[in-house]
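Under my numbering, the first residue of the sequence shown is numbered 2, with each subsequent residue one higher.
Using N, Cα and C, we set each Cβ at its ideal position, and we do this for glycine too.
Predicted model, so just to flag it, every value in this text is computed and none were measured.
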Amino acid sequence: MDRLYKGIHIFQESYFKKEEEFFKRLSKEQKPDVLFITCADSRVDPNLVTQSRPGEIFIVRNVGNIVPPYDAIKDKNSVAAAIELAVMRLKVHDIIVCGHSNCGAMQMLYEDEQKLRHLPHVCEWLELAAPTRDFIMKKYSNSLEDIRQRVTEEENILSQLHNIQTYPFVKQALKEKTLYLHGWYYNIGTGSIYSYNPSEDVFEIISEDSMRGTK
Numbered sequence: 002m003d004r005l006y007k008g009i010h011i012f013q014e015s016y017f018k019k020e021e022e023f024f025k026r027l028s029k030e031q032k033p034d035v036l037f038i039t040c041a042d043s044r045v046d047p048n049l050v051t052q053s054r055p056g057e058i059f060i061v062r063n064v065g066n067i068v069p070p071y072d073a074i075k076d077k078n079s080v081a082a083a084i085e086l087a088v089m090r091l092k093v094h095d096i097i098v099c100g101h102s103n104c105g106a107m108q109m110l111y112e113d114e115q116k117l118r119h120l121p122h123v124c125e126w127l128e129l130a131a132p133t134r135d136f137i138m139k140k141y142s143n144s145l146e147d148i149r150q151r152v153t154e155e156e157n158i159l160s161q162l163h164n165i166q167t168y169p170f171v172k173q174a175l176k177e178k179t180l181y182l183h184g185w186y187y188n189i190g191t192g193s194i195y196s197y198n199p200s201e202d203v204f205e206i207i208s209e210d211s212m213r214g215t216k
């Protein structure tokens, strides 16, 4: 905790003072362009990897970057509330679902239930990703563990992109072309980020060359 307290002091005395006018403007409203749904993993920092400033991305984090299908959770679905707020009130233009390498949540999908009985809330939450696990076990049951892990992480991103389209207001915004969906995969060890290309059904590395000619 001491490191965090020192960090607060450094922030207030250096960064905040230099950007005081920016924070005054920011304090009045937020106008993010992007809803960024990612894992709660402490190694994943959306603002760091995208070099975004405060106010530019609306971030939702949870175990396994999971998007419950519309009406899957009737009571207190905070992810649904955040999506609703981002799309309906904040009018974001893009939604990114970002998974990552060595995801503990995706590893837990394959662990014995008895080993996880002391984590009942986690188990219940991860059941939302059961379709991903079932698909991988059917198609990649004989694959090496590291390959299965990577494919599970990627397939989970695609599953959540599918789930988010079950929300009527998201479906409508996509139809009107006021909203666009993106699937990203972040490799923590290399710093590389891959974007899903639906026409080729593959995750392609995002690089300076790949972004030339785009906005």
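Cα-Cα separation, residue i to residue j
{"i": "Glu201", "j": "Pro70", "result": "25 Å"}
{"i": "Pro132", "j": "Met138", "result": "10 Å"}
{"i": "Arg149", "j": "Asp95", "result": "29 Å"}
{"i": "Ser208", "j": "Arg134", "result": "30 Å"}
{"i": "Asp42", "j": "Gly65", "result": "8 Å"}
{"i": "Lys75", "j": "Lys18", "result": "44 Å"}
{"i": "Val61", "j": "Ser79", "result": "9 Å"}
{"i": "Tyr187", "j": "Val123", "result": "23 Å"}
{"i": "Ile9", "j": "Trp185", "result": "31 Å"}
{"i": "Phe170", "j": "Asn198", "result": "24 Å"}
{"i": "Asn143", "j": "Tyr111", "result": "14 Å"}
{"i": "Lys7", "j": "Glu20", "result": "19 Å"}
{"i": "Gly1", "j": "Tyr141", "result": "Look at the range of the chain in this structure, 2 to 216, and you will see that residue 1 is not part of it."}
{"i": "Tyr195", "j": "Gly100", "result": "10 Å"}
{"i": "Glu30", "j": "Met89", "result": "16 Å"}
{"i": "Asp3", "j": "Ile11", "result": "12 Å"}
{"i": "Val35", "j": "Leu145", "result": "36 Å"}
One or two residues paired with residue i in a DSSP bridge
{"i": "Glu205", "result": "Ser196"}
{"i": "Gly100", "result": "Tyr186"}
{"i": "Asp95", "result": "Val35 and Tyr181"}
{"i": "Phe59", "result": "Leu36"}
Option nearest residue i by Cα separation, candidates the options
{"i": "Phe204", "options": "Tyr168, Glu155 and Lys178", "result": "Glu155"}
{"i": "Thr191", "options": "Lys7, Ile206 and Lys140", "result": "Ile206"}
{"i": "Ser160", "options": "Leu129, Lys178 and Asp147", "result": "Leu129"}
{"i": "Met109", "options": "Lys77, Thr153, Ala73 and Ile97", "result": "Thr153"}
First and last residue of the uninterrupted alpha helix (DSSP H) at residue i
{"i": "Pro70", "result": "Counting along the chain, Pro70 falls outside any alpha helix (DSSP H), and DSSP gives it neither H nor E."}
{"i": "Val64", "result": "Run containing Val64: none; DSSP gives neither H nor E here."}
{"i": "Val171", "result": "Pro169 to Lys176"}
{"i": "Val80", "result": "Ser79 to Glu85"}
Subject >> Within the segment 4 to 57, ranges of the alpha helix (DSSP H) (whole runs, at least 4 residues) >> reply: With a minimum length of 4 residues, the unbroken runs of alpha helix (DSSP H) contained wholly in the segment 4 to 57 fall at 21 to 27 and 47 to 51.
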